[in-house]
Amino acid sequence: MLNIPVNRKTFVTILILTGTILLLNDRALLAKERRSPLPSLPGYVAVPVHYSHWNKMMMEAVVNGHRARFVVDTGAGYSILDAGRAHSFGVSPVGADSPYGEFANLNGVRYRVGYLNSLRAGAMDFGSGPMALFQPVDADDALNSRMNGENADGIIGADILTRYKAVINCYTKTIFFKTSSSEHLHVARFAESKNFIRIPLREEVSRAFTIPASINGHPCRLLVDTGAFITTFDLKSTKEFGLSFTGTRMNGSFADGVSRQVAIGKVGNLKIGDYQVPPQKLAASMLPDFALDQGQAKIVGILGMELLAVSHGIIDFETMSLFVK
């Protein structure tokens with residue numbers, strides 16, 4: 121089911137804002153949209169998700185027979201389980217003699233490893249395997265901001281999403297997990313018939329996923345992060361791209377646990393791939409270095425859940441594509 125590394129960094133980031141979020145307005149209503157019946161497709165299992173009040177993509181699951189809630193996060197390289205809840209799910213840390221290793225190193229922080237006897241979501245059976253337990257052993261609780269206000273028990277990250285070639289429909293709130301190697305969804309064919317624009321998705325050195333973008337004609341790349349509820353640019357790069365942002369009383373926290381001021385500004389000429397994003401107010405903050413350090417890629421921001429949803433975003437891990445319209 122799961123495959124977590126020992127002593128390897130992975131990209132994990134999220135933005136939590138405190139204060140009045142005026143720029144979300146009607147986008148927060150995404151959580152209230154009516155759902156269609158789940159489709160039945162050969163070789164795939166469809167699992168419903170929903171949006172929380174903070175536009176987080178949430179998945180109802182069952183861990184060892186106990187109900188649980190997970191954030192679906194393409195910005196997390198590996199799935200994790202809240203250590204404080206692990207005991208209630210019948211999950212204990214493994215010992216030093218475990219073949220999976222006693223600790224996992226995520227974002228430079230050591231986590232104990234637990235073993236899940238079963239993990240299910242809807243009709244999807246992920247089987248059994250190890251999972252990092254969300255509580256640093258020798259550092260501050262750097263990921264606490266991810267859980268605050270969401271009542272989440274853990275994160276479904278890129279390890280599970282890529283293993284099952286997940287197709288995430290951010291608008292219909294459905295994830296398709298592939299269970300047969302001989303079947304294909306042919307998302308590109310469907311997307312072309314519905315006038316979607318395909319944007320190539322690239323996996324970076326830390327398991328982050330990025331897409332090509334341009335701001336005022338200047339090329340760059342954005343992280344695709346369903347764990348970030350709003351799109352956010354790196355404040356250090358905004359002048360280089362001709363953007364102007366004004367500070368607010370809002371603060372943002374990322375996976376490093378550091379609170380940062382958030383600014384708001386009008387972005388009039390943003391393209392992701394060949395898709396022209398309508399002019400609108402977006403956020404900027406001093407993004408942590410680990411989010412921007414992706415080898416040779418020039419990362420200048422995070423494409424968050426609100427733009428993914430309103431752009432009818434479909435993330436296809438089989439063809440490594442993002443489709444929008």
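Its first residue numbered 121, the sequence shown is counted upward by one per residue in the numbering used here. By construction, the Cβ of each residue, glycine as well, lies at the ideal position given by its N, Cα and C atoms.
- Taken through DSSP and simplified to helix, strand or coil, Ala328 comes out as coil.
- The shortest CA-to-CA distance from Lys445 to any of Ile392, Lys401, Leu407 is the one to Ile392.
- Pairing Leu355 with Ile419 gives a Cβ-Cβ distance that is not under 8 Å.
- Out of Val211, Met440, Gly215, the CA that lies nearest to the CA of Ile331 is found in Met440.
- When the five nearest sequence neighbours on each side are left out, the beta carbons in the same chain lying within less than 8 Å of the beta carbon of Met178 are those of Val169, His170, Tyr171, Ser172, Arg189, Phe190, Val191, Val192, Glu270, Ala272, in order along the chain.
- In the structure shown, Ala272 adopts coil according to DSSP, grouped into three states.
- In this structure, Arg380 places its C-beta atom within 8 Å of the C-beta atom of Ser405.
- For the pair Lys298 and Gly163, the Cα-to-Cα distance works out to about 6 Å.
- Per the coordinates, the alpha-carbon of Ala216 lies some 44 Å from the alpha-carbon of Ile319.
- Under the three-state reduction of DSSP, Lys386 is assigned to strand.
- Nearest Cα to Arg232 within the set Lys176, Gln255, Leu161, Asp436: Gln255.
- Taking 4 residues as the minimum length, the alpha helix (DSSP H) runs contained wholly in the region 421–445 are 425–430, in order along the chain.
- In the three-state reduction of the DSSP assignment, Thr358 falls in the coil class.
- In this structure, Met251 keeps its C-beta atom at 8 Å or more from the C-beta atom of Val165.
- Between Ile422 and Thr351, the C-beta spacing is below 8 Å.
- In the three-state reduction of the DSSP assignment, Asp245 falls in the strand class.
- Shown here for Asn315: same chain residues with a beta carbon closer than 6 Å to its own, the five before and five after excluded, namely Lys445 in chain order.
- For Gly372, there is no enclosing alpha helix (DSSP H); the enclosing beta strand (DSSP E) covers residues 366–373.
- According to the DSSP assignment, Val307 belongs to the alpha helix (DSSP H) that extends over 307–313.
- In its chain, beyond the 5 residues on either side, Asp354, Ile419 have a beta carbon closer than 7 Å to the beta carbon of Leu412.
- Within the model, the alpha-carbon separation for Ile275 versus Leu407 is close to 21 Å.
- Here the alpha carbons of Ile200 and Val182 stand approximately 14 Å from one another.
- Under the three-state reduction of DSSP output, Thr294 falls in the strand class.
- If the five residues before and after Ser212 are omitted, its C-beta is found closer than 8 Å to the C-beta atoms of Ala206, Gly234, Tyr235, all from its own chain and listed in chain order.
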